[in-house]
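Encoded as structure tokens, the structure appears first; notes follow it.
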Amino acid sequence: MQVILGRRLYYNIITGVILYDTGERMGENIVDSTIEDDFKYSLELRNQNRDIVDYLQLEPGQYNEEFSEAVTYRVNPETKELEFGYEINNDYTGFQSPYKKQIDELKKENEEYKNRIADLEIILSETLLNN
634 MQVILGRRLY
644 YNIITGVILY
654 DTGERMGENI
664 VDSTIEDDFK
674 YSLELRNQNR
684 DIVDYLQLEP
694 GQYNEEFSEA
704 VTYRVNPETK
714 ELEFGYEINN
724 DYTGFQSPYK
734 KQIDELKKEN
744 EEYKNRIADL
754 EIILSETLLN
764 N
């Protein structure tokens, strides 16, 4: 049976820097490692102060598009959310929220604008009818 395991990203809680990325794993006999295993066997984690290391567990396929296009990524220390940095026309964009989150925010903003326009149309229509 094919097993797919999502990435586990270990990061410094103060800086948000990714210390270790397990990568997405798939195969017939894949067994998920424990947090203890990762600290024991990963050279990147072995000597880290565990008090300032946390992790994000991602679902299989989660943020695949972002990982394939980003030049860097980190965890925002304030929000504890993953952010991606892109390079567009040789210019670095800085860290941004994942695409889905940006799209959801833009959809919400668009709905708010539509509602405001509808309200203004009603006010304008009533104003013109009363004159």
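Numbering-wise, our numbering comes out as the position in the sequence shown, counting from 1, plus 633. We treat Cβ as the ideally placed atom computed from N, Cα and C, and that holds for glycine. Computed from a predicted structure; not experimentally measured.
- By the Cβ-count criterion, Val708 is buried, with 16 or more other Cβ atoms from all chains shown falling within 10 Å of its own Cβ.
- Only residues of its own chain outside the window of five on either side were considered, and among them Glu657, Gln690, Leu691, Glu692, Pro693, Gly694, Gln695 have a CB closer than 8 Å to the CB of Gly639, listed in chain order.
- The continuous stretches of alpha helix (DSSP H) do not include Asn645, which lies in the beta strand (DSSP E) extending over residues 641 to 645.
- Looking from the CA of Pro710, the closest CA among Asn645, Asn763, Glu699, Glu677 belongs to Asn645.
- When DSSP reads this structure, Gly660 sits in a beta bridge with Val636.
- Tyr643 places its beta carbon less than 7 Å from that of Tyr688.
- Annotation: Arg683 is outside any beta strand (DSSP E) and is labelled neither H nor E by DSSP.
- Non-local C-beta neighbours of Asp724 in its own chain, meaning closer than 7 Å and more than five positions away in sequence, are absent.
- Rounded to whole angstroms, Lys713 and Ile685 show a C-alpha spacing of 13 Å.
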